[in-house]
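I have placed the structure first, in the form of structure tokens, so that the comments after it can refer back to it.
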Amino acid sequence: MATKKTTNKNEKLVSRPISKSTSPNKTKNYMPLIIGVIIAVVGIGYGIYSSNQKQIIGNDKDKVVELNSQEGSLKSLLFGKNNYDLSYAEYDAKAVELISDFEPNSSWQGEAFVDRRIFMEGISSLGLTSAEHELANIFLEKEIDMSDVKYLEFYLNLSDSQALELAQVKLGDTNLDNYYIYTLSNLNEGWNFLQIPLEQFVIGQQAEVVDEADEFNWSKIGKIQFEIMSRPNNTVIANFDYLTLQRDDSYLKDWMSRENKCLGLGKNNDQINLLFRNQGSFTATLNEVSGVDDFEYKAKITPQIKGRAGLFFRGDYKNSQGYYYMIGGIDTNTWSLMKYGQEGWETLTNGRINNFTFEKNKEYWLSVKASGNNLVGYLSTDNNQYSEIFSINDEEMLSGGVGVAVLDSAFCLFNDFSVKR
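The working numbering numbers the first residue of the sequence shown as 1152 and each following residue consecutively.
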């Protein structure tokens, strides 16, 4: 027979039988115990569910957000896949068209002169001088279908912005009986990068049309003309370089930057690449890769001019704080790892590569591995054999976005981005 232990006043343990006469209603006596068991089971189940929820807040094919259960704070925003790759190899070669690099063999006519002292790329630009309020122009006769063009882009250097009265671009037929026109404004002394949406051109002149089939439109451009005029009693010189047409801007969805003007498309060996320039912003990060901490990141880089360009990582495109693994550009053999942090710019390490020179339009691969506070950089000329360039510890920034950076008012081509967790 079952017994129940009780305690008397003298703390001695005694036992007594539980008779039937003492439990006239078993159900009533067991109800508190049953209710207690139910409450305990529900509580344990909810605790297990809550614990699992702390480990994985969201879990879908696009992103996984992990929460550190010990610290109770957001640990890392990870991109959806272990690997992320981005290439522009499938882009149509017509997405960007180089109209002129303004080198000595270009076919421009007018009052232009070859300037080998002031240029953006190559070995020269074309200069145009206006004095004493005279209108000066250079023009290129070239049949172009611009019906699908989104932007006209070029570089313009001014000797004296205060001496300039007028600067404009005309796109028309060969005789300029019909043309669209755009007036340039807010130009600064020195180099300016102009990115003009074709929708902002206005009709400057349109000849009367007898037959609708002969009506002038964007598909019938036969001449590009630049015009400048100085103020009275002044002289101004304008240098032009690197004129392209951009037909595709879908690449913008892949990137985050403060100013889209820094992004474009370029071409090397008839292959489309991302063109990034120090205009409006000098950093951009991949849209699909944000808040990563430990990773391996690499990209192909093709220098175009002298000036620092390379990888931006553990960074924030909004304030450009992060790490910069840079090479010096064409005709150099320099590299550097820099940091832009709370205390400003700091060069963590730099150096030179013996018996080596970066060349224009030649492809190189930069790679960086970040693990905790350890940062390791590599360089390859064939995407096969990699040489370690630096290994250093720094713990100011332990996570962030990855992307590209260009300094020194330069521009550079990038492609074949790869990120591995």
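Yeah, the Cβ is synthetic: ideal placement off N, Cα and C, and Gly gets one too.
request  = Can you say whether G1552 is buried or exposed, counting buried as having 16 or more other CB atoms within 10 angstroms of its CB?
outcome  = buried
key: Local conformation of Y1330 per DSSP, three classes   = strand
query = D1299 to R1398, Cα distance in whole Å?
reply = 6 Å
query = I think I1375 touches F1270, with their Cβ atoms under 8 Å apart; what is that distance to the nearest whole Å?
reply = At roughly 19 Å, the Cβ-Cβ gap does not stay under 8 Å, so I1375 and F1270 are not in contact.
Contact set for I1543: own chain, Cβ-Cβ below 7 Å, skip 5 residues either direction = L1488, L1499, T1500 and L1526
message = The beta strand (DSSP E) that contains F1541, what's its start and end?
response = Y1537 to N1544
DSSP three-state assignment for L1338, whether helix, strand or coil = coil
task = Specify whether the segment 1378-1397 and the segment 1513-1532 touch according to this definition: at least 3 beta carbon pairs, one from each stretch, less than 8 Å apart.
result = no
ask   = Grouping DSSP H, G and I as helix and E and B as strand, with all else coil, what is L1315?
value = strand
Cα-Cα separation, K1490 to R1465 = 10 Å
Where the beta strand (DSSP E) through I1116 begins and ends = A question about residue 1116 goes unanswered here, because the residues of the chain that appear run from 1152 up to 1572.
message = Using 8 Å for Cβ pairs, my map puts L1286 next to F1391. What's the rounded Cβ distance?
response = Their Cβ separation, rounded to whole angstroms, is 16 Å, which puts L1286 and F1391 out of contact at 8 Å.
ask   = Can the beta-carbon of Q1260 be found less than 7 Å from the beta-carbon of E1304?
value = no
query = Just curious, the beta strand (DSSP E) that K1418 is in, first and last residue?
reply = L1414 to N1419
ask   = Exposed or buried, what is P1348 when buried is set at 16 or more other beta-carbons lying within 10 Å of its beta-carbon?
value = exposed
Close-in-space but distant-in-sequence residues of the same chain around Y1550 (CB under 7 Å, 5 per side omitted) = Before going further, note that residue 1550 is Ser rather than Tyr in the sequence given. Closer than 7 Å at Cβ, skipping near neighbours: S1227, G1442, V1443, D1444 and R1465.
inquiry  = Does I1456 pass the burial test, meaning 16 or more other C-beta atoms within 10 Å, or should it be called exposed?
reply    = buried
message = On a Cα-Cα basis, can you pick out the residue from L1564, E1241 and P1255 that is closest to N1419?
response = L1564
ask   = Are the segment 1316-1335 and the segment 1356-1375 touching, with three or more C-beta to C-beta distances below 8 Å?
value = yes
message = At the level of alpha carbons, what is the spacing between E1494 and V1555?
response = 22 Å
request  = Helix, strand or coil for S1487, going by three-state DSSP, please let me know.
outcome  = strand
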